[in-house]
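Numbering (full-length UniProt numbering), first residue to last: 1 to 391. We treat Cβ as the ideally placed atom computed from N, Cα and C, and that holds for glycine. Beneath this line is the structure, given in structure tokens, with notes to follow.
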DNA sequence: TCTGGGGTCCTAGGACCC
DNA sequence: TCTGGGGTCCTAGGACCC
């Protein structure tokens, strides 16, 4: 096997996008994240990281560490625009592109060599083009497998390129800490440490059976493979979505049932319209409830017939919420639709429930109006306010 | 310092069926 | 009278990733 898998990762993506469109920010610490009372950092550029600011850090802490930083609210529309354009650059090289998120992707360039040269040259070309067109740096890892490519890019950050040849895999891999393995977070790292396993090499040397006792069947097999430099996963161009959800954390805890109802309706509308736009219906509705002490529960119900109607999501979610929140002060609520199936692949529901059909039509009308006139313009009272629509 | 929001995958128990 | 073994679905929770 040769090293033909690329992992491309944008450096501090959200912050880089902001600097790119506001050049006067270059060189200054830029921090993108929620500006509300309970916001956390989504992205910090490298000048900000010098102050100890990193993603997931509470914004309050970030301000303390970096009082002269520039603090910005995320603009996902802009990041998606840049992301789409970057992904298009990848697809100019090969159709075998697997986006992992808005700011990273795997590419299989083994078939692109006759046209574009060795993987290293391809990687350099991609880095140059992204920088030329978007003023954003990225880091590319090149390796024989997905995991090794991702590891390579992590180690070469920022603005870097690292090629790991097949015969160099184990020497690179085995001295690294177990936490560098994909799927090993804080908890798993502790479990492994209790077995005396600290490096990737330690994990590779242990029989899978002993690993199984510590981390479970699936993780044991997976980790042992990765630690041994093997990774059978191929670059997957068509990944299907499994769920769509929305959640919100309140600035201060909420116990007022009316406020909770309205928030839940808004979340349900968001989930419904995103499902409809993506062309999915789903059968299982899950509500997520986080109490003031951070204890978090989920409660779900599965429908007979899949839906994409926000009103149905809301009705179900609201029943679950009132049943399980017990009037307590809540920090967060969320709604998720799971068990997704493409809308066209589901037999249309026979005329049961005129009301649901009425709601679906109404919501679709809102969808198309929004497409034409913008989300802010079209907000009918019936969808905004539960009390107005029911009677 | 006080903990976001979008997801995926795995585990485990119970129900139910053959 | 005591009791199997496998498969699937549903629900809840948790770890992890970006």
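Between the alpha carbons of residue i and residue j, how many angstroms are there, rounded?
i           : j           : result
residue 89  : residue 269 : 34 Å
residue 198 : residue 60  : 34 Å
residue 291 : residue 331 : 5 Å
residue 280 : residue 288 : 21 Å
residue 209 : residue 363 : 53 Å
residue 295 : residue 132 : 47 Å
residue 311 : residue 298 : 20 Å
residue 71  : residue 78  : 17 Å
residue 159 : residue 18  : 17 Å
residue 137 : residue 202 : 35 Å
residue 365 : residue 300 : 29 Å
residue 97  : residue 327 : 48 Å
residue 345 : residue 155 : 44 Å
residue 227 : residue 372 : 52 Å
residue 257 : residue 318 : 10 Å
residue 183 : residue 211 : 14 Å
residue 172 : residue 205 : 15 Å
residue 358 : residue 309 : 10 Å
residue 91  : residue 293 : 47 Å
residue 150 : residue 191 : 24 Å
residue 323 : residue 347 : 32 Å
Ignore the nearest five residues each way along the sequence and tell me which others in residue i's own chain have a CB closer than 7 Å to its CB.
i           : result
residue 283 : 302, 303, 306, 339
residue 3   : 119, 142, 143, 144, 163, 164, 165, 166
residue 263 : 248, 333
residue 38  : 249, 251
residue 351 : Residue confidence for residue 351 is low, a pLDDT of 47 falling below 50, so the modelled location carries little weight; the figure read from the coordinates is stated next. Here the set comprises nothing.
residue 55  : 41, 42, 43, 44
residue 87  : 97, 99, 105
residue 112 : 93, 94, 122
Cutting at 6 Å between CB atoms, please list the residues of its own chain near residue i, excluding the five before and the five after it.
i           : result
residue 336 : 243, 245, 286
residue 103 : 10, 13
residue 110 : 4
residue 152 : 141, 143, 162, 164
residue 195 : 214
residue 267 : 246, 335
residue 220 : 208, 211, 212
Let me know the secondary structure DSSP gives residue i once reduced to three states.
i           : result
residue 30  : strand
residue 294 : coil
residue 228 : coil
residue 188 : helix
residue 17  : helix
residue 203 : helix
residue 160 : coil
residue 136 : coil
residue 239 : coil
residue 79  : helix
residue 351 : Only weak support is given to the placement of residue 351: the predicted model assigns it a pLDDT of 47, under 50, and the value that follows is read from those uncertain coordinates. Note: residue 351 maps to coil in three-state DSSP.
residue 44  : strand
residue 166 : helix
residue 108 : strand
If we count the other Cβ atoms within 10 Å of its Cβ and call it buried at 16 or more, is residue i buried or exposed?
i           : result
residue 342 : exposed
residue 115 : exposed
residue 393 : No statement about residue 393 is possible, as the shown extent of the chain runs from 1 to 391 and does not include it.
residue 193 : exposed
residue 368 : exposed
residue 35  : exposed
residue 69  : buried
residue 216 : exposed
residue 360 : buried
residue 76  : exposed
residue 229 : buried
residue 85  : exposed
residue 146 : buried
residue 273 : buried
residue 108 : buried
Does the beta-carbon distance from residue i to residue j come in below 9 Å?
i           : j           : result
residue 65  : residue 82  : no
residue 8   : residue 164 : no
residue 139 : residue 161 : yes
residue 25  : residue 44  : no
residue 130 : residue 93  : no
residue 48  : residue 29  : yes
residue 135 : residue 62  : no
residue 200 : residue 232 : no
residue 15  : residue 32  : yes
residue 170 : residue 223 : no
Leaving out the 5 sequence neighbours to the left and right, which residues in its chain are closer than 8 Å to residue i when beta-carbon positions are compared?
i           : result
residue 260 : 254, 321, 325, 330, 333
residue 100 : 106
residue 241 : 278, 280, 340
residue 239 : 98
residue 271 : 244, 245, 246, 310, 313, 335, 336, 337
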